[in-house]
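Have a look at the structure below before the remarks.
In the numbering used here, the protein residues as written are 7 to 135.
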């Protein structure tokens, strides 16, 4: 049973990645793209491809993000990573990648929308006193 679900999930993710070209072209250089409940977006994050969506339940944004290696449509490489978390309205949630990128999601009041930005991680050292 679990194997069938996993295979269906991989096929669905591969289809989303393969056919997400229109959303990907718009999401390049992502600077505050908006999502609405139950309407996902896909975008590149370094060498990864991300697909995100959320459900507005009880006034909270229940966010789901799927990430997998980008591919050339001829083959599906590796496994996807799935992260799910609640985001409180007017608050932000961040997901860091191994390549020095951060995905920043912000939930609008009443969970009516979410924004997503891709940020570069920058290390900052506090001056010694």
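Cβ coordinates follow ideal geometry from the N, Cα and C atoms, glycine included.
This structure is a prediction, so every number in the text was calculated from the model and none was measured.
Proximity to residue 59 across 112, 133, 102 and 52 peaks at 112, based on C-alpha coordinates. With respect to residue 76, residue 48 sits apart: the two C-beta atoms are not nearer than 7 Å.
Of 46, 71 and 103, the smallest CA-CA separation from residue 88 is found for 71. DSSP lists 73 as the bridge partner or partners of residue 87. Classified as buried, residue 99 has 16 or more neighbouring CB atoms from the shown chains inside 10 Å of its CB. Residue 74 places its beta carbon less than 7 Å from that of residue 55.
Take residue 116, set aside five residues on each side of it, and the residues of its chain with a beta-carbon closer than 6 Å to its own are 65, in chain order. The C-alpha of residue 132 is placed about 38 Å away from the C-alpha of residue 42. Residue 127 and residue 134 have their C-alpha atoms spaced approximately 22 Å apart. Closest by C-alpha distance to residue 93, out of 50, 38, 39 and 121, is 121.
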